[in-house]
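In the working numbering, the protein residues as written are 1 to 1187.
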């Protein structure tokens, strides 16, 4: 009820509100009906209020009074109106933009899905710059001073708070790539003597993550920032970790000495305790806990307790700490404040830092007892939900075993941690068992593994936080792959991260102690122990023997340059370990930037060095010092790309079943081929290729099944080398190949196979395309070239009109005997057949370059009622080919005839639209609309182009300047607009000429299709529309790839015709090859894209080898005696982009030395045949197949 002194709800406010609504309603007619509900609710509220007032007036007998209303009813109604008004405002905004704006919003939504986090910008910009970071730091700080775990470190006076906030913001901005500088080396120094543990650090990262989320930063940015912050863990926590370990070691020798150092010249701890109480009396954070209490009793209790635990002569016999402090409701903040006061008291009494650390190590474990009254979050392992612990809720021990198996598969694929898990089978089984036991215990199951063993087991391993975080990432993804619930995964990870200190502290402590030893004493001792300059040379020699025996990294150190490498490494280590000779070679980062070195390789190298150091007589501490020095080079040696490991992607690929397995092995493939074959012989487009006798059909089916099994991951039983020769003379086009793929797709979908599996199946079949279509592509292309000289030449070759009449006579003799088409000539009068013959003769004379005398009806009108289809037209072409062969025509003439007749197909069959046009207007709706409209298409093209620029397989073709790139994007959009049923803005006649001279293969085209599929999938577009779009895009393949296919095949045939040494001779023999290589290196030297692989030192050694190798490849004498290309390039950071650039430079060099275009094509084809060898390692790592 409203108090009598409060004002009742004013009626005028409701009236004004109604007036505002009515005004908006009149202005925006589109939402008139939808506003009705809002207005009605307000009317109801108004009526209720009036009735309330009137009823109250009657009850009071008409006397003046203060109106009392039911506040609950009024507040509920007003809340509802507030919600309705919020919806109303949204409706007004939406409706004001009408239908066109709706389309813009839809496209903008799609753009946001795929482009609102622009990764081309720095992380600083993506996070919102200074303004956002300021808000984030403020948000974080507010959380930090209320969170008990961190409050003691952030609760300062206003001036100090301001200073800390500025530092935090500068640190964040610099870390995120902003225009600031921050000395990261100062982070460790600033935090070294603060008692910051992993618990505190994890809490800070957690609070920062929450602050980023609450300020509205994109989740991907927040995740990246969390990763970057995690990388500072070592700098922040190392001080406490190392100090406590040293203190623990000292305490293990006994506490008597500690107590004596603490009391100094005093008789007991009374001066220290008095100083402590003085400090506490000024500390508002915990003073309240001592108010109204007997201070003398407290001091006496502290004296006995501290004397007891610090090794003094007194024994504490009071209450336990839990019962003493339970009523105070203390938390981590209060305990941290108390420890800080103890440190101040000790320091003020002149106690040295090491002694302070030893005392802190003893007091820290008392935290649990003192804070026993604190309301703590129940540990995930002990949390009981519905009567079940975490282990039972996860799915029991079998689930944990499955997760561990998956985890080990992932770890062996992750170069960041592979070194620690790339072990022999017996050792791996042992580790798996222990890890399974550890996780089972951590989840609340039987404690089969003693956690106390964890730290000693890992102490001497160089496991850092970087490695621990990588394992945690792999564990999380492994759980996700095993379909463990996200909630359970979070609980499991919460338990696992608490083991960090036990696993990483050994490495942190050893390396930090070694680092401090080097800083204080220098490296002179190490240099002497290694035997100075001569000893290091011996050490390196022995090290290389160990490296050559290690198959994991041996190929990095193989080859003719071993002695050079030894010399440079000796000089480098000589300088590193304190020798006087200075290393003068290239910068280490530059030397290794082009080599595919991962953490795994570097860890193997460090391990080999550590073994060699011990072999050289160094003890563990000296070895650690050497390792510390070598570790300093890790960042310069590791290839940064090798650290961008996508755990989910690699694990999915490793555990992914092949399409062969998913479909059901060979029986399923055989059944699929049977169904497709049945449809093919009924499909007019394909019937002529599949209609055979029973024995032949069975043979073809068997070969198809065997070949497809091999393509999709099953056993290989068919020799692919037979495929191209068998299909070379058939007139199989890309149209036919796409038709058979369409049948496979339809059969798979009818069997309810998942769409992604269908796409993978069709993708596996794509490399077959060139093997079955190259013959027709080449023959037709050569025929077209000949016809470009004029069709009158063809007319003369056929014997002009008389020769053509004779040919048609032969043709009709074949036609009437052909069961496929004879029905169209049977039972017809001779006069009618002669008329048909005459009409065909007239049309073909004109088609083949003769006089234009045909004046009959349109071809489509003549054949409309006949009922012809592709099967009949293919039969006609086959019979025409027989007639030509019977007349003695050569292959070239036959191909020219076929090329000229094929275009008549559309008219004869009465087709107005091609398949692409029909697909683009499926069910009367343009594909561009099914994809979400024109703006969505723009988004597709924009994102597709960006991905093409990033994907090394096709980067070469899209790596353009801004103006050129914009021009290409516009043309891509125009092309796809017309193909997808939108406005036709691109002349298709330009497509083939534009791409003819480019070396675009099916490999490149398939990559573009794959990226297009990924882009459209990321935009959540309709699945059917995506498939149709890809099918239509595939139909332009011949226009884009034919040039490369024809030139490649022509080059291959040139070698067959002119002999193996044709190219070697064309270049001018040995002297010519040397001249070409010399010019090639000059061109490469000016090419910034690839010249880093050919620095001046390497060129001198590379030239002779390249001359020998190219002499052999181009048909000259085989004098090359070097390593295989696969081994030479295995560790280099090369990919298709660099190889394409190399070919581009080779083309320029060949042109410069005077070769004609055809010979240049032949040389480039020969060089491109080396691509799979050069990029073997690159392809195998990524699962690519170059075709």
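We put the CB at the ideal spot given by N, CA and C, even for glycine. Keep in mind it's a predicted model, so treat the numbers as computed, not measured.
Checklist line | Rounded distance between the beta-carbons of residue 674 and residue 739, thought under 8 Å | finding: Actually they do not touch by this definition, with Cβ atoms about 18 Å apart.
Next item on the list: Consult DSSP for residue 810 and reduce its assignment to one of helix, strand or coil.
Entry: Residue 810 carries a helical assignment under DSSP once its states are collapsed to helix, strand and coil.
Next item on the list: Quick one: give me the first and last residue of the alpha helix (DSSP H) that residue 529 is part of.
Entry: 524-529
Notebook entry, point to check: Where are the alpha helix (DSSP H) runs, 4 residues long or more, that stay fully inside the region 215-287, in chain order?
Noted result: 219-230, 233-252, 256-263 and 270-281
Item checked: Cβ-Cβ distance between residue 262 and residue 355 below 8 Å -> Contact flag set, yes.
Next item on the list: Per DSSP, which residues does residue 1132 bridge with? Please list them.
Entry: For residue 1132, the beta-bridge partners assigned by DSSP are 595.
Note to self: Here's a check: name, in chain order, each residue in its chain whose Cβ is nearer than 8 Å to the Cβ of residue 743, leaving out the five neighbours to either side.
What the structure shows: 676, 679, 680, 683 and 686
Item checked: In DSSP terms, what residue 388 is bridged to -> 385
Margin query: By alpha-carbon positions, which one of 136, 239 and 141 ends up nearest to residue 214?
Written below: 136
Margin query: Taking the straight line between their C-alpha atoms, what separation do you get for residue 869 and residue 909?
Written below: It is roughly 6 Å from the alpha-carbon of residue 869 to the alpha-carbon of residue 909.
Margin query: How far does the alpha helix (DSSP H) with residue 715 in it extend, from its first residue to its last?
Written below: Element bounds for residue 715: n/a, residue is neither H nor E.
Next item on the list: Could you please give the first and the last residue of the uninterrupted alpha helix (DSSP H) stretch that includes residue 819?
Entry: Counting along the chain, residue 819 falls outside any alpha helix (DSSP H), and DSSP gives it neither H nor E.
Check: Which ranges would you report for the alpha helix (DSSP H) in the region 143-212 if only whole runs of at least 4 residues count?
Finding: 151-154, 158-175 and 185-191
Check: Below 8 Å between beta carbons: does that hold for residue 597 and residue 638?
Finding: yes
Item checked: For residue 942 and residue 1158, the rounded distance between their alpha carbons -> 36 Å
Next item on the list: Identify, in the order they occur along the chain, each residue of the same chain with its Cβ nearer than 7 Å to the Cβ of residue 510, setting aside the five sequence neighbours on each side.
Entry: Taken in chain order, the residues that qualify are 624.
Note to self: To the nearest angstrom, how far is the alpha carbon of residue 486 from that of residue 272?
What the structure shows: 51 Å
Margin query: Under 7 Å: does the beta carbon of residue 388 sit that close to some heavy atom of the ligand GDP?
Written below: Because no ligand of any kind appears in the structure shown, any question about the ligand GDP cannot be addressed here.
Item checked: Start-end ranges of the alpha helix (DSSP H) lying completely within the region 439-521, minimum 4 residues -> Within the region 439-521, the complete alpha helix (DSSP H) runs of at least 4 residues are 454-458, 465-481, 486-496 and 500-521.
Margin query: Starting from residue 725, trace the alpha helix (DSSP H) in both directions and tell me its first and last residue.
Written below: From DSSP, the alpha helix (DSSP H) with residue 725 extends over 723-727.
Checklist line | residue 637 - containing alpha helix (DSSP H), residue span | finding: Where residue 637 is concerned, the enclosing alpha helix (DSSP H) starts and stops at 634-637.
Note to self: If I follow the unbroken alpha helix (DSSP H) through residue 584, where does it start and stop?
What the structure shows: Unbroken run through residue 584: none, as it is neither H nor E.
Note to self: Among 1106, 979 and 259, whose alpha-carbon lies nearest the alpha-carbon of residue 1170?
What the structure shows: In this structure, 1106 is the residue among 1106, 979 and 259 with its C-alpha nearest to the C-alpha of residue 1170.
Item checked: Sequence-distant residues of the same chain with beta carbon closer than 8 Å to residue 841, five excluded per side -> The residues are 804, 805 and 808.
Notebook entry, point to check: Curious, which full-length alpha helix (DSSP H) runs of at least 4 residues does the region 1039-1087 contain?
Noted result: Taken in chain order, the unbroken stretches of alpha helix (DSSP H) that lie wholly in the region 1039-1087 and span 4 residues or more are 1062-1066 and 1069-1085.
Checklist line | Among 993, 313, 175 and 187, nearest to residue 268 - alpha-carbon criterion | finding: 313
Notebook entry, point to check: Looking only at C-alpha atoms, which of 455, 403, 447 and 290 sits nearest to residue 432?
Noted result: 403
Notebook entry, point to check: Does DSSP classify residue 885 as helix, strand or coil?
Noted result: Taken through DSSP and simplified to helix, strand or coil, residue 885 comes out as helix.
Margin query: Quick check: residue 217 and residue 132, are their CB atoms within less than 8 Å of each other?
Written below: yes
Item checked: Assigned exposure category for residue 196 - 16 Cβ within 10 Å defines buried -> buried
Checklist line | Rounded straight-line distance, which links the Cα of residue 945 to that of residue 1168 | finding: Spanning the two alpha carbons is a distance of roughly 25 Å.
Next item on the list: For residue 244, collect the residues of the same chain with a Cβ closer than 6 Å to its Cβ; drop the 5 residues on either side in sequence, then sort them by chain order.
Entry: 361
Check: Ends of the alpha helix (DSSP H) at residue 832?
Finding: 830-847
Notebook entry, point to check: Which of the three DSSP states, helix, strand or coil, is assigned to residue 335?
Noted result: helix
Margin query: Spatial neighbours of residue 648 within its chain, please: C-beta separation below 8 Å, excluding the five flanking residues on both sides.
Written below: 477, 480 and 481
Check: If we count the other Cβ atoms within 10 Å of its Cβ and call it buried at 16 or more, is residue 848 buried or exposed?
Finding: buried
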